[in-house]
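**Student:**
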Amino acid sequence: MSCGKTPLDAPGILTSPRYPTTYPSSTDCQWTISTTTGKIITLQFSVFSFEKHQNCEYDYLDIYDGDSDHARRLGRYCGNQLPSKLVSSGSKMFIVFHSDSSVEEQGFSLHYSTSYDMSIRYVGCDLVLTESSGEIISPNFPEEYPQPTQCNYRINVTSNSTIRLTFEYFNLEDVSANGCEYDYVEVFDGPSDKSPKLGKYCGQVKPSIRPSTGHQMMIRFVADATVKRTGFRIKYYGKRISTSDICNRPKYTGDCQAGFDRWFYNTITKRCETFIYGGCNSSGNNFETEAECSRQCQGRASGDFNECSRGNGGCDQACHNTLGSYFCSCWKGYRIAADERTCEDEDECSLGRNVHHCEHNCTNLPGTYYCTCNHGFQLSANRRTCNGRASGEFNECSRGNGGCDQACHNTLGSYFCSCWKGYRIAADERACEDEDECSLGRNVHHCEHNCTNLPGTYYCTCNHGFQLSANRSTCN
0 MSCGKTPLDA PGILTSPRYP TTYPSSTDCQ WTISTTTGKI ITLQFSVFSF EKHQNCEYDY
60 LDIYDGDSDH ARRLGRYCGN QLPSKLVSSG SKMFIVFHSD SSVEEQGFSL HYSTSYDMSI
120 RYVGCDLVLT ESSGEIISPN FPEEYPQPTQ CNYRINVTSN STIRLTFEYF NLEDVSANGC
180 EYDYVEVFDG PSDKSPKLGK YCGQVKPSIR PSTGHQMMIR FVADATVKRT GFRIKYYGKR
240 ISTSDICNRP KYTGDCQAGF DRWFYNTITK RCETFIYGGC NSSGNNFETE AECSRQCQGR
300 ASGDFNECSR GNGGCDQACH NTLGSYFCSC WKGYRIAADE RTCEDEDECS LGRNVHHCEH
360 NCTNLPGTYY CTCNHGFQLS ANRRTCNGRA SGEFNECSRG NGGCDQACHN TLGSYFCSCW
420 KGYRIAADER ACEDEDECSL GRNVHHCEHN CTNLPGTYYC TCNHGFQLSA NRSTCN
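For the sequence shown, counting from 1, position 76 maps to 75 in numbering that gives the first Met the number 0; every step adds exactly one.
#1: Assuming residue 106 contacts residue 48 (C-beta within less than 8 Å), just tell me the rounded distance between them.
#2: Can you pull the DSSP bridge partners for residue 465?
#3: For residue 93 and residue 108, what's the separation of their Cα atoms in angstroms?
#4: Give me the Cα-Cα distance between residue 268 and residue 347, rounded to the nearest whole angstrom.
#5: Just mark residue 460 as buried or exposed, buried being the case when its beta carbon has 16 or more other beta carbons within 10 Å.
#6: Output needed for residue 199: all residues of its chain with C-beta closer than 7 Å, excluding positions within five of it in sequence on either side, in chain order.
#7: Are at least three pairs of beta-carbons, each pair with one atom in the segment 161-173 and one in the segment 204-224, less than 8 Å apart?
#8: Grab me the residues of residue 89's own chain with a C-beta within less than 6 Å of its C-beta, minus the 5 sequence neighbours each way, in chain order.
#9: On the criterion of 16 or more Cβ atoms from any shown chain inside 10 Å, does residue 12 qualify as buried, or is it exposed?
#10: Tell me the residue span of the beta strand (DSSP E) that contains residue 562.
#11: Compute the Euclidean distance between the alpha carbons of residue 5 and residue 421, then round it to the nearest angstrom.
#12: Can you grab the Cα-Cα spacing for the pair residue 362 / residue 65, in whole Å?
#13: In the DSSP assignment, find the beta strand (DSSP E) that holds residue 232 and state where it starts and stops.
#14: If we call anything under 8 Å between Cβ atoms a contact, is residue 152 one with residue 128?
#15: Can you grab the Cα-Cα spacing for the pair residue 274 / residue 333, in whole Å?
#16: May I ask which residues mark the beginning and end of the alpha helix (DSSP H) holding residue 488?
#17: Rounded to the nearest angstrom, what separates residue 335 and residue 296 at their Cα positions?
#18: Let me check one thing: in DSSP terms, what residues is residue 75 bridge-paired to?
#19: Which parts of the segment 334-377 are runs of the alpha helix (DSSP H), unbroken and 4 residues or longer, counting only runs that do not cross its ends?
#20: Going by the CB atoms, is the gap between residue 327 and residue 340 shorter than 8 Å?
#21: Does the beta-carbon distance from residue 60 to residue 73 come in below 8 Å?
#22: Under the three-state reduction of DSSP, which class applies to residue 290: helix, strand or coil?
#23: When you compare each of 369, 142 and 406 to residue 418 by their alpha carbons, which one comes out closest?
#24: In whole angstroms, what is the alpha-carbon distance linking residue 316 and residue 307?
#25: I'd like the list of long-range same chain contacts for residue 358, defined as Cβ closer than 6 Å, with 5 residues on each side in sequence excluded.
#26: Sort out for me which residues DSSP pairs residue 260 with in a bridge.
#27: Could you check how far apart the C-beta atoms of residue 96 and residue 194 are, in whole angstroms? I think they sit under 8 Å.
#28: Could you tell me the alpha carbon to alpha carbon distance between residue 175 and residue 220, rounded to whole angstroms?
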């Protein structure tokens, strides 16, 4: 029987299967308890009754300080003694319940709760950057950033400009199975976290981010209380938008609560149209009068020059013409470089399994990647997962007896060799060597008088004046 696997949000109560009656035998359960970054989790047991064993090998409860059984184990518990209060160091705890096929006890009941970690405090940084260009670095850079940390960097350049970011250095905690959930950088296309998100990044691959649509951008850096890295260095600069660029930008209704009648140029209908502007953070395609919109934008569509028609616009791969401008993009498997023209290979294998989805092994190639399986498994039709014996696993013993000297045994994804009675497996785990039973003592060969070894066997003899008995071991 299996159970658990459902994420738990604190606070709450967790009990063993079938509690308060006895838990079932042959059962495995897993639970993950989560809270927000900056908080810790506390477990308090009220009932605990498991099969007792000195090393807790039969029935037990494992508690891990993290989100999997690869994290630091806080303890393994069995018997009837109530465990003491357990406290995590971060925002997750992983719990494993196991019972074998015999004794059944009442199990456990525990209460899990969260609180802010008062032993540490956030390192805060809330900066507003108004220069046309500048640099943003993580706290303590180039040393390791402090923990936990939350920083908000707001860039506000002159109107009718857009913002370009270049990550010159990037080293945060690796991506997990759930994405960037521990240490990460978020980039927003506007002045706050309510603005459209351009991306969320972690790991060591330098992000490539498209320019903002307006003259404001927000960057948020969050680090939890576990893994430390050296952080990041970002260069930014504001680029003025030409008149034709302004006409091609999307309409932006603004972040504030005011309501103004404004005009924007609709690139689909090729007309100036009215909209309600809320105020704050104009994207440029925002005119006070229809006449101003028409003068700057209308009539330009028919005469727009296609920059992509000359040398592909300098783009490494794809070039996209727009009204009064153009932009480059890359094919799948590549990403745009800092110069916004060159395409770099996207190493999907380095981004983690949630990106490449390879069950066993991932091999990167320029613009693509491929998955392979461990020895004894075959790649399934989806080219990502690996099939074992139940779905056509290869039987290594079918070819040359698997290289085994005597007996070959196929297993799921592998195989092993063994030897017949009277022989033992050699150091190479394939060859078989004679087992000299006579040298192992009488408790092995049982000869009362004399033992003579032969390849794969042995025989007993008696001293002069004695006869070997019917059991072929003792002497009469």
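Quick reminder that beta carbons are idealized off the backbone N, C-alpha and C, glycines included.
**Tutor:** The structure says:
#1: Reading the sequence shown from its first residue, position 107 is the one you call residue 106. Reading the sequence shown from its first residue, position 49 is the one you call residue 48. Contact between residue 106 and residue 48 holds, with the beta-carbon distance rounding to 6 Å and staying under 8 Å.
#2: Position 466 of the sequence shown, counted from the start, is the residue given in the question as residue 465. Among the bridge pairs identified by DSSP, residue 465 is matched with none.
#3: Taking the sequence shown and counting its residues from 1, the one referred to as residue 93 is at position 94. Taking the sequence shown and counting its residues from 1, the one referred to as residue 108 is at position 109. Each residue's Cα considered, the two are about 16 Å apart.
#4: For the purposes of this step, residue 268 is identified with residue 269 of the sequence shown, where counting begins at 1. For the purposes of this step, residue 347 is identified with residue 348 of the sequence shown, where counting begins at 1. Whole-angstrom Cα-Cα distance: 40 Å.
#5: Against the sequence shown, residue 460 aligns to sequence position 461. Answer is exposed; the Cβ neighbour count stays below 16.
#6: Along the sequence shown, one-based indexing puts residue 199 at 200. Hits under 7 Å: 179, 183 and 185.
#7: Yes, they touch.
#8: Here residue 89 refers to the residue found at position 90 of the sequence shown. The residues are 223, 224 and 225.
#9: As a working note, residue 12 is residue 13 in the sequence shown. Exposure of residue 12 is indicated by the presence of fewer than 16 other C-beta atoms within 10 angstroms of its C-beta.
#10: This structure cannot settle anything about residue 562, because the visible part of the chain is limited to 0 through 475.
#11: For the purposes of this step, residue 5 is taken as residue 6 along the sequence shown, with counting starting at 1. For the purposes of this step, residue 421 is taken as residue 422 along the sequence shown, with counting starting at 1. Inter-residue distance for residue 5 and residue 421 is about 52 Å (C-alpha atoms, whole angstroms).
#12: As a first step, residue 362 must be located in the sequence shown, where it is residue number 363. As a first step, residue 65 must be located in the sequence shown, where it is residue number 66. Rounded to the nearest angstrom, the two C-alpha atoms are 29 Å apart.
#13: Here residue 232 is taken as the residue at index 233 of the sequence shown, counted from 1. Residue 232: member of the beta strand (DSSP E) spanning 230-239, first to last residue.
#14: Taking the sequence shown and counting its residues from 1, one reaches residue 152 at position 153. Taking the sequence shown and counting its residues from 1, one reaches residue 128 at position 129. Less than 8 Å divides the Cβ of residue 152 from the Cβ of residue 128.
#15: Mapped onto the sequence shown, residue 274 falls at position 275. Mapped onto the sequence shown, residue 333 falls at position 334. When rounded, the distance between both Cα atoms is 38 Å.
#16: The chain is shown only over 0 to 475; residue 488 falls outside these bounds and no answer can be derived.
#17: Looking up residue 335 in the sequence shown gives position 336. Looking up residue 296 in the sequence shown gives position 297. A straight line joining the alpha-carbon of residue 335 with that of residue 296 spans about 29 Å.
#18: In the sequence shown, counting from the first residue as 1, residue 75 sits at position 76. BP columns for residue 75 point to 61.
#19: Listed in chain order, the complete alpha helix (DSSP H) runs (minimum 4 residues) inside the segment 334-377 are 352-355.
#20: Counting from 1 along the sequence shown, the entry for residue 340 is found at position 341. Counting from 1 along the sequence shown, the entry for residue 327 is found at position 328. Yes. Within cutoff.
#21: Against the sequence shown, residue 60 aligns to sequence position 61. Against the sequence shown, residue 73 aligns to sequence position 74. Remark: C-beta atoms of residue 60 and residue 73 do not approach each other more closely than 8 Å.
#22: Position 291 of the sequence shown, counted from the first residue, corresponds to residue 290. Three-state DSSP puts residue 290 in a helix.
#23: Sequence index remark: in the sequence shown, residue 418 carries index 419 (1-based). Checked all of 369, 142 and 406; the closest Cα to residue 418 is 406.
#24: As a first step, residue 316 is located in the sequence shown; it is residue number 317 there, counting from the start. As a first step, residue 307 is located in the sequence shown; it is residue number 308 there, counting from the start. C-alpha separation (whole angstroms): 11 Å.
#25: Here residue 358 corresponds to residue number 359 of the sequence shown, with the count starting at 1. Correct list, in chain order: 384 and 385.
#26: Indexing the sequence shown from 1 puts residue 260 at position 261. Paired residue(s): 275.
#27: On the sequence shown, position 97 is the one that residue 96 refers to. On the sequence shown, position 195 is the one that residue 194 refers to. The C-beta separation of residue 96 from residue 194 comes to about 44 Å, leaving the pair out of contact by the 8 Å criterion.
#28: Here residue 175 refers to the residue found at position 176 of the sequence shown. Here residue 220 refers to the residue found at position 221 of the sequence shown. Spanning the two alpha carbons is a distance of roughly 17 Å.
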